[in-house]
Amino acid sequence: MEKKIEVAILGATGSVGQKFIEMLSDHPWFEISELAASEKSSGKKYQDAVNWIMQTPLNDRVAELEVKNCEPILKSKFVFSALDASVAGEIEADFARAGYYVISNARNHRFDEDVPLLIPEVNADHLEIVKDQKFGKGFIVTNPNCSTIGLVMALKPLQDNFGIESVNVVTMQAISGGGYPGIPSMDILDNVIPFISGEENKMETEPLKILGEIKDKKIVNTDIKVSAQCNRVPVQDGHLEAVQIKFNKKPSKEEIINVWKNFKGVPQELNLPSAPVNPIIYCENEKHPQPKTHRNMGNGMSVSVGRLRECSIFDYKFVVLSHNTVRGAAGGTILAAELLKAKGYTE
44 MEKKIEVAIL GATGSVGQKF IEMLSDHPWF EISELAASEK SSGKKYQDAV
94 NWIMQTPLND RVAELEVKNC EPILKSKFVF SALDASVAGE IEADFARAGY
144 YVISNARNHR FDEDVPLLIP EVNADHLEIV KDQKFGKGFI VTNPNCSTIG
194 LVMALKPLQD NFGIESVNVV TMQAISGGGY PGIPSMDILD NVIPFISGEE
244 NKMETEPLKI LGEIKDKKIV NTDIKVSAQC NRVPVQDGHL EAVQIKFNKK
294 PSKEEIINVW KNFKGVPQEL NLPSAPVNPI IYCENEKHPQ PKTHRNMGNG
344 MSVSVGRLRE CSIFDYKFVV LSHNTVRGAA GGTILAAELL KAKGYTE
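Numbering (the numbering used here), first residue to last: 44 to 390.
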């Protein structure tokens, strides 16, 4: 591409907004042109408005950008939303109505019947419904919940090849999933918290839409049954999930591993910049995957799967790991934007 596309980030001072900046600072297609946040940050240089918590230094050019209000008067048509759910819904709709392409990490529009809940390798075909959204020339595309993404990435090739009847999942979710400053250290150190507000409902409902089919310009959910229990554990990054699965027709262990290893999606076919070569990596070692060792596989965009074995109640059980702030948040949203551009939805 001869000229980079100017993009804006809403909610730029928060932890997900910062991850967007970190991942977009040297992106081959996109250039950060505008940053927007709350009124208390508006008018300040970004470096003066943000408490930078990323492990890489803040880009010098971005540091000097003036933070703007979250109003649809920006010059950048591509808008990445890292807004908090308490304010995201109406702001994102306002931008879409004004002709902006909104790619959101917030939950507010995930279940709008005309809004794709997108994992680019899984349901790229769902993008076609943006043409019929109520916003005119603009649209909204949403990124799923971070814990949903790892699960559904592992389920997609299994659903396509063998058919899934039911899934039980127990998560061990990293503290970064709670944002910054997150959980007080006295609560999470030497502890596991067996409750994350709203998380179990998301995991039990979002996969049904993502794995659903388009009929009459709407997404019809799949009929897989999903049960989830979600826990917060003292890990910095990386959501680990213990999964039990029952198939319509039980495959062999070798067949399951084979479809995981050979799984590719549209992002790999198009060689998109953020797409990992292998979206799913199967770990042969019985002690893998582990957050500390495997969360950055594929630059944080690959999902690691392991410990596949037969289950005495379901058919099989296995463990899946994904990087919650990369694949599960900013990275997955950026990949969605790349797919939108490559497929011509922003022309």
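C-beta: ideal position from N, C-alpha, C; glycine also.
Straight-line gap, residue i to residue j (C-alpha atoms, nearest Å)
i	j	result
A373	N148	7 Å
E284	K293	21 Å
M215	G281	9 Å
L78	N188	23 Å
E329	R352	10 Å
N274	I239	6 Å
D175	Y144	14 Å
I192	K47	28 Å
Q98	F290	42 Å
R150	P159	12 Å
K296	V269	21 Å
D233	K386	47 Å
K87	M246	38 Å
L194	P250	8 Å
V213	G349	15 Å
N264	E107	45 Å
E74	K62	14 Å
K304	E114	44 Å
A80	M344	27 Å
F138	N244	28 Å
D69	P334	26 Å
E135	Y388	18 Å
Test item: CB-CB of residue i and residue j under 8 Å
i	j	result
D127	G225	no
V346	A141	no
F121	N211	no
S76	S124	no
N112	E133	no
P316	E256	no
L67	V93	no
T376	I146	yes
C354	H337	no
L383	I299	no
G308	E164	yes
L161	H152	no
I267	S190	no
V302	N186	no
F468	P322	In the structure as shown, the chain begins at 44 and stops at 390. Residue 468 is therefore absent and cannot be evaluated.
Residues sharing a beta bridge with residue i, DSSP
i	result
L382	None; L382 has no bridge partner.
M215	N274 and L283
C428	Beyond the ends of the chain as shown, which are 44 and 390, falls residue 428; an answer cannot be given.
T368	Answer by DSSP bridge pairing: none, since T368 is not bridged.
E353	Y359
E65	BP columns for E65 are empty, so no partner.
F123	I52 and I146
A80	N112
F290	I207
K258	K261
F178	DSSP output for F178 lists no bridge partner at all.
C326	G349
Supposed contact pair residue j and residue i - C-beta distance, whole angstroms, cut 8 Å
i	j	result
D157	K180	15 Å between Cβ atoms; not a contact.
A217	Q279	6 Å
K360	Q272	Wrong, their Cβ atoms sit about 14 Å apart, outside the cutoff.
V320	G341	7 Å
S400	V110	Missing from the structure shown is residue 400; the chain here goes from 44 to 390 and no further.
I172	I262	7 Å
N409	G220	Any answer about residue 409 is impossible in this case: the structure gives the chain only from 44 up to 390.
K324	P277	In the sequence as presented, Lys is not what sits at residue 324; that position holds Ile. Not really, about 25 Å apart at Cβ, beyond 8 Å.
Burial state of residue i, where buried means 16 or more other Cβ atoms lie within 10 Å
i	result
I116	exposed
M229	exposed
K252	buried
E65	buried
V235	exposed
N314	exposed
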